[in-house]
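Encoded as structure tokens, the structure appears first; notes follow it.
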Amino acid sequence: MSKETLNAAVIGLGSMGYGMAASALRGGHKVWGVDIDADRIARFQAEGGQPTALAEAADTLDAVAVVVLNAAQTESVLFGEAGIVPRLRSGAVVLACATVPPEFARDMATRCEAHGVLYLDAPISGGATKAANGQLSIMASGAPAAFDAARPLLDSIAETVFELGTEPGAGSAMKAVNQLLAGVHIATMAEALTFGMTQGVTPDKFVEVISKCAGTSWMLENRAPHIVDGDYTPRSSVNIWPKDLGIVLDIAKSAQFSAPITAAALQQFLAAAGMGHGHEDDAAVAKVYARNAGLTLPGETA
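Residue numbers (this note's numbering): 10 to 311.
What follows is the structure, given as structure tokens:
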């Protein structure tokens with residue numbers, strides 16, 4: 010573990026980014042937290058984040074973690090009207106953590122290089138709890154110098170860093186593989202749980218039994234209890250999956266690869282969003298199945 014302390018910024022203080030920023034603070038780094046929500050910034054500053062504006066500190070930063078929703082937001086943060094990259098010192102490193110297409114990661118790396126800034130293609134996995142505990146898994150690729158520059162921050166925010174090569178894009182390719190499985194597993198969990206209900210298997214009994222059987226998955230064990238509790242507070246929202254599974258299918262199309270199970274899962278998330286559940290926890294995809302089968306989920310009235 011590196012003991013070097015950095016001046017670091019985390020841009021995007023959502024459920025993942027806030028936990029990463031807090032973990033970086035615990036690691037001893039000076040951390041600027043940035044978000045469009047002023048309340049999140051104020052909360053982070055009250056917990057030890059730097060009180061000055063990022064614009065005042067940009068040229069002192071060693072590392073910037075960009076934890077936003079998608080490629081468009083990543084590009085805006087890096088190179089938009091108030092983009093951070095032109096203001097960074099030479100040798101600073103960007104950790105790009107959103108799920109994006111591999112070719113986008115390669116393009117961002119090239120554009121960063123033109124400014125003397127290092128780029129680490131560094132999508133994240135593990136959920137909000139692991140982010141808050143500094144236990145993320147990071148699927149990273151980039152030049153050795155980018156890994157070296159990012160190492161002290163990576164040590165604070167991640168339990169496992171998979172070093173997937175020197176070419177940006179390899180991390181994003183692996184993240185796409187992970188998201189294919191994660192999205193399919195959530196949709197399949199919802200299908201199995203509601204199928205069980207048609208046969209008299211209650212959601213709580215489903216979790217009790219299946220979580221100890223071969224049909225389980227990490228997503229089942231993590232998300233199915235949300236349905237049992239009738240709690241759709243968004244730890245990870247339905248709206249993430251049309252984006253992420255859409256990226257998977259775009260990559261598959263370019264590779265002339267058929268991914269029919271991914272496509273089926275995507276349709277269920279689109280249906281959930283169309284029903285008005287886009288900002289709910291992604292376990293709310295179960296509501297699509299429940300509506301179609303005339304079922305009443307826990308916490309809902311018939």
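Glycine included, C-beta positions come from ideal geometry on N, C-alpha and C.
Legend entry - Whole-angstrom distance between residue 241 and residue 149, CA atom to CA atom: Along the sequence shown, one-based indexing puts residue 149 at 140. Along the sequence shown, one-based indexing puts residue 241 at 232. Distance between residue 149 and residue 241, taken at the CA atoms: about 31 Å.
Inset, instruction - Take residue 202 as the anchor and find which of 192, 234 and 260 has the nearest alpha-carbon. - result: Position 193 of the sequence shown, counting from 1, holds the residue named residue 202. When the alpha-carbon of residue 202 is set against those of 192, 234 and 260, the nearest one is in 234.
Legend entry - Residue range of the beta strand (DSSP E) that includes residue 202: Here the question's residue 202 lines up with position 193 in the sequence shown. Careful: residue 202 lies outside any beta strand (DSSP E), inside the alpha helix (DSSP H) at 179–207.
Legend entry - C-beta atoms of residue 103 and residue 87 nearer than 8 Å: By one-based count along the sequence shown, residue 103 stands at place 94. By one-based count along the sequence shown, residue 87 stands at place 78. Taking 8 Å as the Cβ cut-off, residue 103 and residue 87 qualify as a contacting pair.
Legend entry - Segment limits, beta strand (DSSP E) that includes residue 293: Counted from its first residue, the sequence shown places residue 293 at position 284. That residue, residue 293, is in no beta strand (DSSP E); it is neither H nor E in DSSP.
Inset, instruction - Inspect the CB distances between the segment 249–261 and the segment 211–223 and report whether three or more fall short of 8 Å. - result: Put simply, the segment 249–261 does not touch the segment 211–223. Fewer than three CB pairs are less than 8 Å apart.
Legend entry - Three-state secondary structure assigned by DSSP to residue 166: Counted from its first residue, the sequence shown places residue 166 at position 157. Residue state, collapsed to three classes: helix.
Inset, instruction - Starting from residue 7, follow the beta strand (DSSP E) in both directions and report where the run begins and ends. - result: Within the shown structure, residues of the chain are numbered from 10 to 311, placing residue 7 beyond reach of any answer.
Legend entry - CB of residue 39 within 8 Å of CB of residue 74, strictly: Numbered from 1 along the sequence shown, position 30 holds the residue referred to as residue 39. Numbered from 1 along the sequence shown, position 65 holds the residue referred to as residue 74. Residue 39 is not a Cβ neighbour of residue 74, given a cutoff of 8 Å.
Inset, instruction - Could you tell me which of 238, 185 and 205 sits nearest to residue 268, measuring between CA atoms? - result: Working through the sequence shown from its first residue, we reach residue 268 at position 259. Considering only alpha carbons, the answer is 185.
Legend entry - Cβ neighbour criterion (16 or more within 10 Å) applied to residue 154: Along the sequence shown, read from residue 1 onward, the residue named residue 154 stands at position 145. So residue 154 ends up on the exposed side.
Inset, instruction - Take the Cβ of residue 147 as the centre, count every other Cβ of all protein chains shown within 10 Å, and call the residue buried at 16 or more, exposed below. - result: What you label residue 147 is simply residue 138 of the sequence shown in a count that begins at 1. By the neighbour-count rule (16 or more Cβ atoms within 10 Å), residue 147 is buried.
Legend entry - Same chain, Cβ closer than 6 Å to residue 239, five either side skipped, listed in chain order: For the purposes of this step, residue 239 is identified with residue 230 of the sequence shown, where counting begins at 1. For residue 239, same chain residues with a beta-carbon under 6 Å away, outside a window of 5 residues either side, are 307 and 308 in chain order.
Inset, instruction - With residue 213 as the anchor, note down where its beta strand (DSSP E) starts and where it stops. - result: By one-based count along the sequence shown, residue 213 stands at place 204. Careful: residue 213 lies outside any beta strand (DSSP E), inside the alpha helix (DSSP H) at 212–219.
Inset, instruction - Report buried or exposed for residue 227, applying the criterion of at least 16 other Cβ atoms within 10 angstroms of its Cβ. - result: Here residue 227 refers to the residue found at position 218 when the sequence shown is read from its first residue. Classification for residue 227: exposed.
Inset, instruction - Pull up the distance between the alpha-carbon of residue 47 and that of residue 236, whole angstroms please. - result: Within the sequence shown, residue 47 is the residue found at index 38, counting from 1. Within the sequence shown, residue 236 is the residue found at index 227, counting from 1. Distance between the alpha carbons of residue 47 and residue 236 is about 32 Å.
Inset, instruction - Determine the DSSP secondary structure at residue 172, reduced to helix, strand or coil. - result: Position 163 of the sequence shown holds residue 172. In this structure, residue 172 counts as strand in the three-state DSSP scheme.
Legend entry - Any beta strand (DSSP E) of 3 or more consecutive residues that is wholly inside the segment 33–86: Listed in chain order, they are 39–43 and 72–75.
Legend entry - Continuous beta strand (DSSP E) assignments of at least 3 residues falling wholly in the segment 114–143: Unbroken beta strand (DSSP E) stretches of 3 residues or longer found wholly inside the segment 114–143: 127–130, given in chain order.
Legend entry - Straight-line gap, residue 21 to residue 29 (C-alpha atoms, nearest Å): Indexing the sequence shown from 1 puts residue 21 at position 12. Indexing the sequence shown from 1 puts residue 29 at position 20. When rounded, the distance between both Cα atoms is 10 Å.
Inset, instruction - Measure the C-alpha to C-alpha separation of residue 276 and residue 193 and round it to an integer number of angstroms. - result: As a first step, residue 276 is located in the sequence shown; it is residue number 267 there, counting from the start. As a first step, residue 193 is located in the sequence shown; it is residue number 184 there, counting from the start. So the two alpha carbons sit approximately 11 Å from each other.
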